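> Residue numbers (the numbering used here): 14 to 435. What follows is a single structure, and I will ask about it in a moment.
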RNA sequence: GGUGAGAUGGGUGAGUGGCUGAAACCAGCAGUUUGCUAAACUGCCGUACGGGAUUACCGUACCGGGGGUUCGAAUCCCCCUCUCACCGCCA
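This is how it looks when you write it as structure tokens:
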């Protein structure tokens with residue numbers, strides 16, 4: 014969430030920048046600043062009231078000690094009115110602040126200056142393309158048919174075991190999953206990311222920390238007996254490692270990578286988007302997370318984009334990098350680069366990675382801070398990106414690498430798969 | 001799941017109603033001195049919010065979380081959560 018200080022110091026800036034996200038913030042920002050000013054005057058009043066009570070209480074203590082009991086009793090009577098007053102001030106202040114908090118979380122993150130104008134995904138800017146789109150013959154198949162023919166992914170069996178969106182990978186299909194996960198983790202750790210294996214269920218506090226709760230509650234699977242949530246992405250447990258943490262100067266940079274299965278209810282999706290591997294309820298993903306000082310976060314973002322591009326390039330699959338426009342940017346992101354692979358048999362681009370800088374928006378929720386050179390406590394910046402999400406990589410790989418009904422495994426993966434053709 | 005014991009500042013750990021925002025020690029930071037891969041001494045050393053002469057000052061809150069008793073609570077009462085130990089079960 015945004016900081017009150019920013020909203021107070023430069024409301025017009027916030028309103029102007031949020032317009033890039035097509036978010037009309039004027040009303041909320043005005044209301045927030047009103048509530049914030051109430052908050053401060055109420056607190057000043059309440060603090061003064063409590064201070065007198067404290068003063069009187071210690072007077073009574075002193076009198077009692079000297080055995081001047083009657084005087085103490087007399088002083089006690091003075092407190093009653095103050096107690097009434099502080100009680101009412103406290104109630105006012107609590108309801109005021111509750112309203113303030115409920116409003117401030119409605120404001121999305123401010124897009125950074127690099128974010129292009131635009132309404133929706135059509136307005137995203139292609140910043141780079143790489144690797145050639147293969148010429149497939151007329152008998153080229155979409156991945157779900159290839160998977161069935163080669164008997165490497167069984168969607169129907171997944172339906173039997175669980176439901177739609179929970180495929181079963183078999184034989185070389187299963188091995189391919191494992192190969193990709195290891196390949197991605199190896200590249201990430203070589204680039205200095207610390208490998209982490211986090212829990213795949215998190216508590217409520219973690220869900221709040223990264224912003225999945227309360228808004229996206231319906232998107233997560235909930236184990237209600239213990240009130241745990243299945244992680245929708247490793248970002249949640251990994252970033253929450255640093256919830257309520259104050260980092261020192263020497264702790265930077267923080268670079269972590271983690272593989273987890275990801276669970277998403279994806280309520281409301283339908284049609285060609287959910288065919289085959291295009292959209293699943295459970296999928297594998299390797300994530301990278303960074304925590305940086307504000308002055309370094311954009312350099313870190315560029316590094317992450319270059320890193321992910323290196324992985325995609327090495328797979329030899331046709332890709333492009335998009336800079337998301339204001340209208341397509343997620344609620345919490347200040348800037349996002351999407352990576353897409355071209356799925357030749359479907360004739361469409363599939364998103365396989367999203368690399369974002371959240372600046373201090375997540376950190377403010379997480380209470381993730383650091384001591385700067387002057388010893389001041391400030392909010393850190395958080396960033397994350399997929400490197401990579403497996404299903405659509407597999408979809409594109411199957412479709413783009415098909416030849417005479419078989420799949421030619423990309424060179425870099427062969428040490429991991431142990432085979433070069435499916 | 002059962003029984004018992006606990007939860008205090010970065011760490012160890014004191015503290016059973018007012019003198020405790022919290023002893024002491026360790027770690028950390030700054031300085032002094034002796035001098036040299038180090039020691040001694042002195043000072044500083046939690047967070048948030050508010051006020052303000054906006055880095056020095058003042059106020060308020062916070063001793064797992066929430067509520068209660070009281071003029072006053074880390075300290076008493078209630079509820080919850082978590083941790084540890086033993087037993088049971090188990091990959």
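Just so it is clear, CB atoms sit at the ideal spot from N, CA and C, and this is done for glycine as well. Quantities reported herein were computed from a predicted structural model and do not represent experimental measurements.
Please classify residue 74: does DSSP put it in a helix, a strand, or coil?
Residue 74 falls in the helix class under three-state DSSP.
> Which of the three DSSP states, helix, strand or coil, is assigned to residue 402?
Residue state, collapsed to three classes: strand.
> Which partner residues of residue 243 appear in the DSSP bridge assignment?
DSSP lists 214 as partners of residue 243.
> CB-CB under 7 Å to residue 167, same chain, minus the five flanking residues each way: which ones, in chain order?
Same-chain partners within the cutoff: 180, 181, 183.
> Tell me the rounded alpha-carbon separation between residue 385 and residue 429.
Cα to Cα, the separation comes out at about 43 Å.
> Do you know how far the Cα of residue 391 is from the Cα of residue 261?
The alpha-carbon atoms of residue 261 and residue 391 are separated by roughly 11 Å.
> What's the C-alpha gap between residue 316 and residue 64?
Going by the C-alpha atoms only, they are around 52 Å apart.
> Below 8 Å CB to CB, which residues in the same chain sit around residue 202 once its five sequence neighbours on both sides are set aside?
Only 208, 270 meet the Cβ criterion.
> What is the DSSP secondary structure of residue 47, reduced to helix, strand or coil?
Three-state DSSP puts residue 47 in a helix.
> If you drop the 5 nearest sequence neighbours on each side, which residues of the same chain put their C-beta closer than 7 Å to that of residue 124?
Excluding positions up to five away in sequence, the list reads 30, 33, 34, 339, 342, 347, 348.
> Could you have a look at residue 252 and say whether DSSP puts it in helix, strand or coil?
Three-state DSSP puts residue 252 in a helix.
> Report the rounded CA-to-CA distance for residue 278 versus residue 71, giving the unit in angstroms.
For residue 278 and residue 71, the distance between alpha carbons rounds to 58 Å.
> Mind pulling the alpha helix (DSSP H) runs of 4 or more residues that sit fully within the region 91-150?
Runs found: none.
> Apply the 10 Å Cβ neighbour rule to residue 416 and answer buried if 16 or more other Cβ atoms are within range, or exposed otherwise.
Exposed, because fewer than 16 other Cβ atoms sit within 10 Å of the Cβ of residue 416.
> When the Cα of residue 332 is compared with those of 311, 364, 358, 314, which residue comes out closest?
Looking at the Cα atoms, 364 is the closest of the given residues.
> When you compare each of 122, 36, 23 to residue 370 by their alpha carbons, which one comes out closest?
Nearest C-alpha to residue 370: 122.
> Whose CA, out of 345, 295, 309, 351, lies closest to the CA of residue 322?
Of 345, 295, 309, 351, the residue nearest in Cα terms is 351.
> Which residues does DSSP pair with residue 331 in a beta bridge?
DSSP output for residue 331 lists no bridge partner at all.
> Using only alpha-carbon positions, find the residue among 395, 108, 379 that is nearest to residue 372.
For the residues 395, 108, 379, the minimum Cα distance to residue 372 belongs to 395.
> Quick one: which unbroken alpha helix (DSSP H) runs of 4-plus residues sit fully inside the region 160-213? Chain order, please.
Complete alpha helix (DSSP H) runs here, min 4: 168-174, 185-203.
> For residue 141, I'd like the list of residues in its chain whose CB is within less than 6 Å of its CB, leaving aside the five on either flank, ordered along the chain.
Here the set comprises 334.
> Quick check: the Cα distance between residue 159 and residue 165, rounded to an integer number of angstroms?
Approximately 9 Å between the Cα atoms of the pair.
> Going by other Cβ atoms of all chains shown within 10 Å of its Cβ, with 16 needed for buried, is residue 151 buried or exposed?
Exposed, because fewer than 16 other Cβ atoms sit within 10 Å of the Cβ of residue 151.
> Are the CB atoms of residue 381 and residue 255 within a distance shorter than 8 Å?
Yes. Within cutoff.
> Apart from the five residues just before and just after residue 374, which ones in its own chain have a Cβ nearer than 6 Å to its Cβ?
Excluding residues within five positions, the ones whose Cβ falls inside 6 Å are 122, 345.
> So, using beta-carbon positions, are residue 297 and residue 274 closer together than 8 Å?
Taking 8 Å as the Cβ cut-off, residue 297 and residue 274 qualify as a contacting pair.
> Looking at C-alpha atoms only, which residue of 77, 52, 425, 46 is the closest neighbour of residue 327?
For residue 327, the nearest C-alpha among the options comes from 425.
> So, for residue 41: in the same chain, excluding its five sequence neighbours on each side, which residues have a beta-carbon less than 8 Å away from its beta-carbon?
Here the set comprises 116, 119, 120.
> What does a CB cutoff of less than 6 Å around residue 132 pick up in its chain, not counting 5 residues either side in sequence?
Around residue 132: 340.
> Between residue 267 and residue 304, is the Cβ-Cβ spacing less than 8 Å?
Against a cut-off of 8 Å, the Cβ pair of residue 304 and residue 267 comes out as a contact.
> In angstroms with no decimal places, state the Cα-to-Cα distance between residue 292 and residue 283.
Taking the straight line from one Cα to the other gives about 9 Å.
> Buried or exposed: which applies to residue 367, given that a residue is buried once 16 or more other Cβ atoms fall within 10 Å of its Cβ?
Residue 367 should be labelled buried.
> So, at 7 Å on beta carbons, what are the nonlocal neighbours of residue 144 in its own chain, with the 5 sequence-adjacent residues on each side left out?
Cβ within range, chain order: 326, 329, 330, 331, 332.
> With 16 other CB atoms within 10 Å as the buried threshold, where does residue 233 fall?
Per the 10 Å Cβ criterion, buried.
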